[in-house]
Amino acid sequence: KAGVTQTPRYLIKTRGQQVTLSCSPISGHRSVSWYQQTPGQGLQFLFEYFSETQRNKGNFPGRFSGRQFSNSRSEMNVSTLELGDSALYLCASSTESRSSYNEQFFGPGTRLTVL
Amino acid sequence: KQEVTQIPAALSVPEGENLVLNCSFTDSAIYNLQWFRQDPGKGLTSLLLIQSSQREQTSGRLNASLDKSSGRSTLYIAASQPGDSATYLCAVSSGNTPLVFGKGTRLSVIA
Chain R
-10 KAGVTQTPRY LIKTRGQQVT LSCSPISGHR SVSWYQQTPG QGLQFLFEYF
40 SETQRNKGNF PGRFSGRQFS NSRSEMNVST LELGDSALYL CASSTESRSS
90 YNEQFFGPGT RLTVL
Chain C
3 KQEVTQIPAA LSVPEGENLV LNCSFTDSAI YNLQWFRQDP GKGLTSLLLI
53 QSSQREQTSG RLNASLDKSS GRSTLYIAAS QPGDSATYLC AVSSGNTPLV
103 FGKGTRLSVI A
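Sequences listed follow chains R and C, in order. Sequential numbering of the first sequence, starting at -10, is according to this note's numbering. Sequential numbering of the second sequence, starting at 3, is according to this note's numbering.
What follows is the structure, given as structure tokens:
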């Protein structure tokens, strides 16, 4: 079974631009979560989507948004990029089966550098 | 608000040594706890998942224990190898809530 895939793997943008990151979950997983990882803050939760609905949202400004499609693939968008948005963005998918509830499987991440 | 702490932040051991990584959490009302491994610049690899009703889980040379009442979990690595060098993260889930992560323990196993 293929794992979680994220595209692109690396991105370089300049301040003020916007960016869209993509995540394809493991087949059959309907929950997709996004996390931002920085050396100073560690892993911070951005948002979670389940069956095309945002189920949870972290404490990030409105410049960060996301969506989920009917095939469970998800995208996140960051508008008006700031230097502090430079980070590794990780996507995780999970199944809601009783035996492994909320076990998260992570993708390789997208490394975003804002210049 | 759930907080997760991992001690030590970094650990260096000689090859072959058995070692223990610690994770503590402030709210014992968790659904499960998950241990991950992260290699530099890479994503997270799930190592073990312990449900709140379980006391421990084992996978190969890894053994994770959970004491919910005291808010602690340990990850035991037997006979460490240089390939075990990575950052180990623990995260707790309280059901339909996001995972809360610790800052991780950076492990170096010296050949």
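We treat Cβ as the ideally placed atom computed from N, Cα and C, and that holds for glycine.
For residue i, which option in the options has the closest C-alpha, if you only look at C-alpha atoms?
i        : options                             : result
Leu50/C  : Ala31/C, Gln59/C, Arg108/C, Lys44/C : Gln59/C
Ser67/C  : Val102/C, Val15/C, Asp86/C, Cys92/C : Cys92/C
Ser63/C  : Leu21/C, Thr89/C, Pro16/C           : The sequence shown places Arg at residue 63/C, rather than the Ser named in the question. Looking at the Cα atoms, Leu21/C is the closest of the given residues.
Thr107/C : Ala12/C, Val6/C, Ala80/C            : Ala12/C
Gly51/R  : Arg44/R, Ser68/R, Gln43/R           : Ser68/R
Leu0/R   : Ala76/R, Gln93/R, Phe94/R, Glu92/R  : Ala76/R
Gly96/R  : Asn66/R, Gly5/R, Gln26/R, Thr3/R    : Gln26/R
Arg4/R   : Gln30/R, Leu70/R, Thr99/R, Gln93/R  : Leu70/R
Gly29/R  : Gln7/R, Thr42/R, Asp74/R            : Asp74/R
Thr47/C  : Ser55/C, Phe38/C, Glu5/C            : Phe38/C
For residue i, count the other beta carbons within 10 Å of its own beta carbon; 16 or more makes it buried, fewer makes it exposed. Which is it?
i       : result
Phe58/R : exposed
Ser88/R : In this predicted model, Ser88/R has a pLDDT of only 49, less than 50, meaning its place in the structure is not dependable enough to derive any value.
Pro16/C : exposed
Gln40/C : buried
Could you give the residue range of the beta strand (DSSP E) that holds residue i?
i       : result
Lys70/C : Premise fails: Lys70/C is in no beta strand (DSSP E) and is neither H nor E.
Lys46/R : 42 to 46
Thr84/R : Looking at the DSSP string, Thr84/R is not in any beta strand (DSSP E), and its letter there is neither H nor E.
Given this structure, state the Cα-to-Cα distance separating residue i from residue j, to the nearest angstrom.
i        : j        : result
Thr84/R  : Phe53/R  : 25 angstroms
Val102/C : Asn60/R  : 27 angstroms
Ser14/C  : Ser40/R  : 44 angstroms
Leu32/R  : Pro100/C : 11 angstroms
Ser13/R  : Gly55/R  : 13 angstroms
Arg62/R  : Ile112/C : 41 angstroms
Leu77/C  : Leu72/R  : 36 angstroms
> Are the segment -9 to -1 of chain R and the segment 65 to 82 of chain R touching by the rule of at least three beta carbon pairs closer than 8 angstroms?
Replying inline: yes
> Would you call the segment 23 to 36 of chain C and the segment 35 to 49 of chain R touching, i.e. three or more CB-CB distances under 8 angstroms?
Replying inline: no
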